[in-house]
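K.L.:
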Amino acid sequence: MNKFYSDVFEVVRLIPQGRATSYGAIAKYLGAARSSRLVGYAMNTSHAVIPSVPAHRVVNRNGLLTGKAHFNPPERMQNRLEEEGVRVIEDQIQNWDEVFWDPSIHLIL
DNA sequence: TGAATGACTCGAT
DNA sequence: GATCGAGCCATTC
Numbered sequence: 207m208n209k210f211y212s213d214v215f216e217v218v219r220l221i222p223q224g225r226a227t228s229y230g231a232i233a234k235y236l237g238a239a240r241s242s243r244l245v246g247y248a249m250n251t252s253h254a255v256i257p258s259v260p261a262h263r264v265v266n267r268n269g270l271l272t273g274k275a276h277f278n279p280p281e282r283m284q285n286r287l288e289e290e291g292v293r294v295i296e297d298q299i300q301n302w303d304e305v306f307w308d309p310s311i312h313l314i315l
């Protein structure tokens, strides 16, 4: 497993409950600001990782659940978020400004 | 080995 | 502002 992947997973696990962050924010925190797509790619393989990665807390920079289709079932992503107190309407996280959690701000490397 | 792909992002129109 | 197009880079075929 690449360090990049493990780092991504580690950061995602640190996201507080009821919060969410973006692929770009994670990439930036890891020093790979232009590799946001790779973060999503890493998430694609995250379902096989132990302990499981809360990938539902990672969305694109608009708070849109672009990756929900990769969950099984897809509704699981939204359900998990709502269980944690995050309102989601039409795949869009409500109050995104307050829900957004930036690792480069809340985390010290 | 070379080319295509993607759970994204940013800058230009 | 909203929309469109190009850039990015590890992984896969």
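First residue of the first sequence: 207, per our numbering; consecutive thereafter.
Here a beta-carbon is modelled for each residue, glycine too, at the ideal position from N, C-alpha and C.
Given the structure is predicted, the values throughout are model-derived calculations rather than measurements.
(1) Helix, strand or coil for A239 per DSSP?
(2) Output needed for L220: all residues of its chain with C-beta closer than 8 Å, excluding positions within five of it in sequence on either side, in chain order.
(3) If you pair each beta-carbon of the region 279 to 286 with each one of the region 223 to 240, do three or more pairs fall below 8 Å?
(4) Assuming R263 contacts S228 under a Cβ cut-off of 8 Å, what Cβ separation, rounded to an integer in Å, is found between them?
(5) Can you tell which of F210, P222, V245 has its C-alpha closest to the C-alpha of E304?
(6) Do the region 207 to 217 and the region 241 to 255 make contact, defined as three or more Cβ pairs closer than 8 Å?
(7) Could you tell me which residues DSSP puts in a beta bridge with T227?
(8) Specify the secondary structure class of V245 as computed by DSSP and reduced to three states.
(9) With distances taken Cα to Cα, identify the nearest neighbour of E290 among D213, Q298, G224.
P.N.:
So, to answer that:
(1) coil
(2) P309, L313
(3) no
(4) No, R263 and S228 are not in contact; Cβ-Cβ is about 10 Å, not under 8 Å.
(5) P222
(6) yes
(7) V264
(8) helix
(9) G224
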